[in-house]
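One structure is given below, encoded as structure tokens.
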Amino acid sequence: MTSTTPALGTGALTHGPRRGPLAWAGAFTGFYPATATDLDGFDPIARFLYAARSVILVISAQSAVIAGLLAATDRRFEWLPFVLAFLGYVVLHAISNLSNDYFGYRRGHDTEDSPRRRYTLHPVASGVFTMRFLATGLLVLGVVAAAIGIYFIALRGWAAVGLTVAGAVLLYAYDAAPRALKELGLGEVAAFLVWGPLMIGGGYYVITGRWSGDAFLASVPYGLGVASILIGKHIDQAAFDRSQDQRTLPVLLGDRRARVLNVSVVALMYVITAVGIAAGALTPFAAVILLAGPRALRALQVMGRPRPDAPPAGYVGWPLWYHRVCLVHNRAFGWLFILGLAVGAIWPGSRIG
Numbered sequence: 004m005t006s007t008t009p010a011l012g013t014g015a016l017t018h019g020p021r022r023g024p025l026a027w028a029g030a031f032t033g034f035y036p037a038t039a040t041d042l043d044g045f046d047p048i049a050r051f052l053y054a055a056r057s058v059i060l061v062i063s064a065q066s067a068v069i070a071g072l073l074a075a076t077d078r079r080f081e082w083l084p085f086v087l088a089f090l091g092y093v094v095l096h097a098i099s100n101l102s103n104d105y106f107g108y109r110r111g112h113d114t115e116d117s118p119r120r121r122y123t124l125h126p127v128a129s130g131v132f133t134m135r136f137l138a139t140g141l142l143v144l145g146v147v148a149a150a151i152g153i154y155f156i157a158l159r160g161w162a163a164v165g166l167t168v169a170g171a172v173l174l175y176a177y178d179a180a181p182r183a184l185k186e187l188g189l190g191e192v193a194a195f196l197v198w199g200p201l202m203i204g205g206g207y208y209v210i211t212g213r214w215s216g217d218a219f220l221a222s223v224p225y226g227l228g229v230a231s232i233l234i235g236k237h238i239d240q241a242a243f244d245r246s247q248d249q250r251t252l253p254v255l256l257g258d259r260r261a262r263v264l265n266v267s268v269v270a271l272m273y274v275i276t277a278v279g280i281a282a283g284a285l286t287p288f289a290a291v292i293l294l295a296g297p298r299a300l301r302a303l304q305v306m307g308r309p310r311p312d313a314p315p316a317g318y319v320g321w322p323l324w325y326h327r328v329c330l331v332h333n334r335a336f337g338w339l340f341i342l343g344l345a346v347g348a349i350w351p352g353s354r355i356g
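In the working numbering, the protein residues as written are 4 to 356.
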């Protein structure tokens, strides 16, 4: 498999619009460009969105929606804080993706034979961006994120300062710090904390102005789902990471134990959801996540076996293997979780206890 293999296919790039809002929307719908030439003719915003790996930004959007629906269930929902939290989460995630690529390339980790360079184009190494264009884009995103942070600090006070600082520290520490969290076996834990308790539990607070233990409990299943995606990815690239002294959790644990851990993480998504229903943090409608069961079983089956030495015929996204099956599962789980919360927001009195 060559270094130009796309992660999810490129058909939409060749047939879809290349300029304007429809082209921008296409960056979020599930296609990674394989090479820089795939972006020929796209306007600068569309090129920037594709290079920021916007298809994965859906996990931040889902976290924001979950926080909003929990607030709606408690009849404390406020539109403007929700919209700004949604925008802020997506912007910060885009900054993280681009920062990850920038520092990975600058530190020599994103070499031509690295997994990062094989499943989709690298915005710097591919030449699709100049460093000046990347810096400008990051500056614009940073200004937007800072403005949203200032708004919430003015609205919610010192608690919002704490949440903002926690988010900024984790964003910096994950890949920009001299010794990044992902090099210390803590990146996967950080992913759980950010997309679970921080974004959902903290998001509930900035939307409503109140803390909620139920919201933090409800944040755990989705945070685990995001962690499973990252654990799967780091298992896939463990051999390369080991050669680069990148001590991710799978590198520290070894292949078999890392796969056992990820099986446990996926299973716990359902166990904790059941606990949340029993405790009254979630309505029984959240049980609709069981419809994602077939994809969960598929993920468990795949992780129960060693990765093949070569991709099956027609497989796209190699060398990502466990990552892809966990991503497919979490996307289905997330939308079903949101569906259950939405119905529960209509009938909040259905909660147990």
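Every residue gets a Cβ at the ideal spot worked out from N, C-alpha and C, and that includes glycine.
For residue i, does the three-state DSSP call read helix, strand or coil?
i    : result
L187 : strand
R259 : helix
A30  : coil
A230 : helix
A239 : The sequence given here places Asp at residue 239; Ala does not occur at that position. In the structure shown, D239 sits in a helix (DSSP, three-state: H, G or I).
I341 : helix
A74  : helix
G145 : helix
L362 : Nothing about residue 362 can be read from this structure; the chain reaches only from 4 to 356.
D116 : coil
W350 : coil
Y53  : helix
S215 : coil
R334 : helix
P200 : helix
R245 : helix
V127 : coil
G23  : coil
Y207 : helix
I355 : coil
R135 : helix
Y318 : coil
P47  : helix
G140 : helix
A194 : helix
G307 : coil
A313 : coil
Could you name the residues that DSSP lists as bridge partners for residue i?
i    : result
R250 : L187
Please classify residue i as buried or exposed, where buried requires at least 16 other C-beta atoms within 10 Å of its C-beta.
i    : result
T133 : exposed
G352 : exposed
G339 : Position check: residue 339 holds Leu in this sequence, whereas Gly was assumed. Buried, since its Cβ has 16 or more Cβ neighbours within 10 Å.
D239 : buried
W324 : buried
I341 : buried
R135 : exposed
R354 : buried
G337 : buried
G14  : Annotation note: pLDDT 46 at G14 (below 50); position unreliable, coordinate value reported separately. So G14 ends up on the exposed side.
S267 : exposed
S246 : exposed
R22  : exposed
A242 : exposed
V260 : In the sequence as displayed, the identity of residue 260 is Arg instead of Val. The residue is exposed, with fewer than 16 neighbouring Cβ atoms inside 10 Å.
Q304 : exposed
D248 : exposed
R50  : buried
F34  : Residue confidence for F34 is low, a pLDDT of 49 falling below 50, so the modelled location carries little weight; the figure read from the coordinates is stated next. Looking at its Cβ environment, which holds 16 or more other Cβ atoms inside 10 Å, F34 is buried.
A157 : exposed
S186 : Ser is not the amino acid found at residue 186; the sequence shown has Glu there. Answer is buried; the Cβ neighbour count reaches 16.
L300 : exposed
R308 : exposed
Completely contained alpha helix (DSSP H) runs for the region 154-180, where each covers 4 or more residues: With a minimum length of 4 residues, the continuous alpha helix (DSSP H) runs that stay inside the region 154-180 are 161-178.
Where in the region 267-304 do unbroken runs of the beta strand (DSSP E), each at least 3 residues long, occur, reported from the N-terminal end onward? As far as the region 267-304 is concerned, it has no whole beta strand (DSSP E) run of at least 3 residues.
Is it true that the region 190-200 meets the region 232-240, where meeting means three or more beta-carbon pairs spaced less than 8 Å apart? Yes, the region 190-200 touches the region 232-240.
Counting beta carbon pairs with one atom in the region 201-218 and one in the region 166-185, are three or more of them shorter than 8 Å? In this structure the region 166-185 lies against the region 201-218, because at least three pairs of beta carbons, one per stretch, are closer than 8 Å.
Should the region 210-230 be called in touch with the region 74-82, which here means at least 3 C-beta pairs below 8 Å? The answer is yes - the region 74-82 touches the region 210-230, with three or more Cβ pairs under 8 Å.
Enumerated in chain order, which unbroken segments of the alpha helix (DSSP H) with a length of 4 residues or greater are wholly contained in the region 81-116? If we require 4 residues or more, the alpha helix (DSSP H) runs fully inside the region 81-116 come out as 82-109.
Cβ contact check for the region 49-63 and the region 82-100: 3 or more pairs under 8 Å: Contact between the region 49-63 and the region 82-100 is present: 3 or more CB-CB pairs across the two stretches fall below 8 Å.
For the pair the region 306-318 and the region 219-228, tell me if three or more CB-CB distances fall below 8 Å. With a cut-off of 8 Å, the region 219-228 and the region 306-318 do not count as touching, because too few Cβ pairs lie within range.
Counting Cβ pairs closer than 8 Å, one from the region 268-280 and one from the region 316-325, do we hit at least three? Flag = no, the region 268-280 and the region 316-325 do not touch.
Do the region 82-95 and the region 55-71 make contact, defined as three or more Cβ pairs closer than 8 Å? Because the criterion of three Cβ pairs below 8 Å is met, the region 82-95 and the region 55-71 touch.
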